[in-house]
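The structure appears right after this line, and notes come after that.
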Amino acid sequence: MLTFDVPYTSLTVAPLKSKARCIEKAENEYEGDVSRIIDIVRASIVVENENQLIAVAKALEDAKVVRLKNRFKEPPFTGYSDALYNIEIEGIICEVQLHISAIVAHKEENHKYYVYFRSFFAGNFG
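For the sequence shown, the working numbering gives the first residue as 770, with consecutive numbering after it.
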């Protein structure tokens, strides 16, 4: 798992996904089945470069990864790239987002388009 030996720029634990957003996501993506939501508990790791990205990705392999969305390989329509790891910790599925700092600089601008369009695409674009 992630230790002080693994280089990264920042680690942020996000607030829990809101009840309203969970309901919206369940309706748009999972036919109302809230039990399929696996990103209520979230954290974000930011790295500076590809070497750090690889080091963190290797460290996350030690966790129980139940799903990986590699949006570096296939970015959504906004062009934003990251990797979303869903890992199981003591029976709870959590999301760990892995970002490169140069791309994070553009996230705030891109995020407003994502929020606007996600319901139109019912979450099926990234």
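Ideal Cβ positions, reconstructed from N, Cα and C, are used throughout, including at glycine.
If you're wondering where the values come from, they're calculated on a predicted model, not measured in any experiment.
Legend entry - Own chain partners of I872 with C-beta closer than 8 Å, once the 5 adjacent residues on each side are dropped: Scanning its chain for C-beta atoms nearer than 8 Å, with the 5 sequence neighbours on each side dropped, one finds around I872 the residues Y849, S850 and D851, in chain order.
Inset, instruction - From the DSSP output, read off the bridge partner residues of E843. - result: E843 is not bridged by DSSP to any residue.
Inset, instruction - Put I792 into one of helix, strand or coil per three-state DSSP. - result: Of the three classes helix, strand and coil, the one that applies to I792 here is helix, per DSSP.
Legend entry - Short CB-CB distance (under 9 Å) between N797 and chain B: Any reference to chain B falls outside this structure, which holds one protein chain only.
Legend entry - Three-state class that DSSP yields for I858 in the structure shown: Residue state for I858 is assigned as strand, using DSSP reduced to three classes.
Inset, instruction - Quick one: measure Cβ to Cβ for I806 and A795, integer angstroms, because I've assumed they're closer than 8 Å. - result: About 6 Å separates the beta carbons of I806 and A795, which is inside the 8 Å limit, making them a contact pair.
Legend entry - Where the beta strand (DSSP E) containing V775 begins and where it ends: Annotation: V775 is outside any beta strand (DSSP E) and is labelled neither H nor E by DSSP.
Inset, instruction - Please work out which residues of its chain come closer than 8 Å, Cβ to Cβ, to V803, disregarding the five sequence neighbours upstream and downstream, and give them in chain order. - result: If we look at V803 and ignore the five residues flanking it on each side, its Cβ neighbours are C791, I792 and A795.
Legend entry - Residues of its chain near V782, where Cβ-Cβ distance is below 7 Å and the 5 sequence neighbours each way are ignored: A812.
Legend entry - Backbone secondary structure at I814 - three-state DSSP: For I814, the secondary structure class from DSSP, reduced to helix, strand or coil, is strand.
Legend entry - Three-state class that DSSP yields for K786 in the structure shown: If DSSP states are grouped into helix, strand and coil, K786 belongs with coil.
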